[in-house]
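Q:
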Amino acid sequence: MSRWNVAPYFIADDVKATADWYRDKLGFSYPRIWGEHPYGFTMVKRSGVIIMLGGVGEGGHIRPNRKTGPETDAWDAYVWIDDADALHAEFAAKGVTIARAPRDQPYGCRDFEIDDCNGYRLCFGQDLEG
Numbered sequence: 591m592s593r594w595n596v597a598p599y600f601i602a603d604d605v606k607a608t609a610d611w612y613r614d615k616l617g618f619s620y621p622r623i624w625g626e627h628p629y630g631f632t633m634v635k636r637s638g639v640i641i642m643l644g645g646v647g648e649g650g651h652i653r654p655n656r657k658t659g660p661e662t663d664a665w666d667a668y669v670w671i672d673d674a675d676a677l678h679a680e681f682a683a684k685g686v687t688i689a690r691a692p693r694d695q696p697y698g699c700r701d702f703e704i705d706d707c708n709g710y711r712l713c714f715g716q717d718l719e720g
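Here my numbering is used: position 8 in the sequence shown is 598, and no number is missing along the way.
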């Protein structure tokens with residue numbers, strides 16, 4: 591059976607500052623930044639999860655899903671993890687903006703939401719049925 595993965599691509603005003611935030615606040619790492627500061631490109635990684643970060647460039651703008659309309663409350667990424675409570679505690683201790691504390695969901699996950707330094711909303715969820 592083949593293994594599939596996906597990597598969301600987030601636009602950032604400053605790729606290095608964003609990559610550093612993911613490293614310092616969320617525990618991701620990145621090997622290098624390609625291109626000119628602040629608009630380059632990198633991929634931050636943690637535990638098999640990859641998020642691509644690309645510079646917005648002149649005249650561009652960041653547009654998180656939840657800011658596309660007045661009734662939109664959509665995530666920009668959902669990340670499956672092993673322990674929602676432990677990860678929530680880790681992020682809270684590092685001063686990450688927690689948008690919603692962990693709770694059990696009717697779809698069988700325990701998850702919580704954070705906002706990154708550019709306003710992207712990530713939900714981290716633990717599968718309770720697996």
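The C-beta atom is built at its ideal place from N, Cα and C for all residues, glycine as well.
(1) Using the rule of at least 16 other Cβ atoms within 10 Å of the residue's Cβ for burial, across every protein chain shown, is Val-639 buried or exposed?
(2) In this structure, what does DSSP give as the bridge partners for Thr-632?
(3) Restricting to Cα atoms, I'd like to know which of Ala-683, Phe-702, Gly-715 is closest to Ala-689.
(4) Pull up the DSSP beta-bridge partners for Val-605, would you.
(5) Quick check: the segment 675-687 against the segment 624-643, are at least 3 beta-carbon pairs closer than 8 angstroms?
(6) Enumerate in chain order the residues of its own chain whose CB-to-CB distance from His-627 is below 7 angstroms, with the five nearest sequence positions on each side excluded.
(7) Inspect the CB distances between the segment 643-650 and the segment 661-673 and report whether three or more fall short of 8 angstroms.
(8) In angstroms, rounded to a whole number, what distance separates the CA positions of Trp-670 and Gly-625?
(9) If I follow the unbroken beta strand (DSSP E) through Asp-717, where does it start and stop?
(10) Tell me which residues share the same chain as Asp-694 and place their Cβ nearer than 8 angstroms to its Cβ, disregarding the 5 neighbours each side in the sequence.
A: On the basis of the coordinates in this document:
(1) Looking up residue 639 in the sequence shown gives position 49. Val-639 comes out buried.
(2) For the purposes of this step, residue 632 is taken as the residue at position 42 of the sequence shown. According to DSSP, Thr-632 bridges with Leu-643.
(3) Walking along the sequence shown from the start, residue 689 turns up at place 99. Comparing Cα-Cα distances from Ala-689 to each of Ala-683, Phe-702, Gly-715, the minimum goes to Phe-702.
(4) Here residue 605 refers to the residue found at position 15 when the sequence shown is read from its first residue. According to DSSP, Val-605 bridges with nothing at all.
(5) no
(6) Locating residue 627 in the sequence shown gives position 37, where the first residue counts as 1. Counting only Cβ-Cβ distances below 7 angstroms, and skipping sequence neighbours, we find Lys-606.
(7) no
(8) Position 80 of the sequence shown, counted from the first residue, corresponds to residue 670. Position 35 of the sequence shown, counted from the first residue, corresponds to residue 625. Whole-angstrom Cα-Cα distance: 31 angstroms.
(9) Against the sequence shown, residue 717 aligns to sequence position 127. Looking at the DSSP string, the run of the beta strand (DSSP E) that includes Asp-717 is 711-717.
(10) To locate residue 694, count along the sequence shown from 1; it is residue 104. So the qualifying residues of the chain are Arg-700, Leu-718.
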